[in-house]
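> Numbers in the working numbering are just positions in the sequence shown, counted from 1, shifted up by 21.
Glycine included, C-beta positions come from ideal geometry on N, C-alpha and C.
So that we are looking at the same thing, I have put the structure below in structure tokens.
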Amino acid sequence: MALLTFPRTYTIEISPLDSRLVGVHCTLLDPYHHLEMDLVLDASNPEAMVIKEAKASMARAPYPVCREPLERVKELEGLKIERGIRRTVTRLLGGPKGCVHLVDMFMEGIRLAIQAVVVVWSEKLPPEEGEKLRGRVLGGVCIAYPLPESSQ
Numbered sequence: 022m023a024l025l026t027f028p029r030t031y032t033i034e035i036s037p038l039d040s041r042l043v044g045v046h047c048t049l050l051d052p053y054h055h056l057e058m059d060l061v062l063d064a065s066n067p068e069a070m071v072i073k074e075a076k077a078s079m080a081r082a083p084y085p086v087c088r089e090p091l092e093r094v095k096e097l098e099g100l101k102i103e104r105g106i107r108r109t110v111t112r113l114l115g116g117p118k119g120c121v122h123l124v125d126m127f128m129e130g131i132r133l134a135i136q137a138v139v140v141v142w143s144e145k146l147p148p149e150e151g152e153k154l155r156g157r158v159l160g161g162v163c164i165a166y167p168l169p170e171s172s173q
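Here is the structure:
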């Protein structure tokens, strides 16, 4: 059997909802899946964001059982976005009774939200303070955001 082309598309949108809340909308589309996820984050402190609302849906899934992990999405509400969140999201939504696609979608949405919020906040600060904020939150994630000197 020859492997056929299998396209998968993620779309993530980050939108300000008010002066402190940020919306995250993520969609995953491929021939077998159509998943959507919405988060509302309290971003009043970019170093201590919290998931205020979480919901997800599956308009298309390969098997009926795939929708069962959707029942646990609400358990993300109240989580602080901090080190170890991937482990927590995986425990709640992944593993043998979960859905790896939900985990991936939530993590990509959270990752982009962190970057967007921190960059916007840092642009409002004096340059040196903005650089410190980016270093504390994003330091080490890529070449553009090196670890702060004290962490190396």
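For P167 and E89, what's the separation of their Cα atoms in angstroms?
Cα to Cα, the separation comes out at about 40 Å.
> Do the CB positions of L56 and A77 come within less than 8 Å of each other?
In contact: L56 and A77 (Cβ atoms closer than 8 Å).
> Among the candidates F27, L24, E34, whose CA atom is the shortest distance from the CA of A134?
Of F27, L24, E34, the residue nearest in Cα terms is E34.
> In chain order, what residues of the same chain have a beta carbon less than 8 Å from the beta carbon of R157, not counting five sequence neighbours either side?
Closer than 8 Å at the Cβ level, and outside the excluded window around R157, lie E68, P169.
> C120 by DSSP, collapsed to three states: which one?
Three-state DSSP puts C120 in coil, outside helix and strand.
> Using a Cβ-Cβ cut-off of 6 Å (strictly less than) and excluding sequence neighbours within five positions of S143, which residues of its own chain qualify?
The answer, listed in chain order, is G151, L154, R155.
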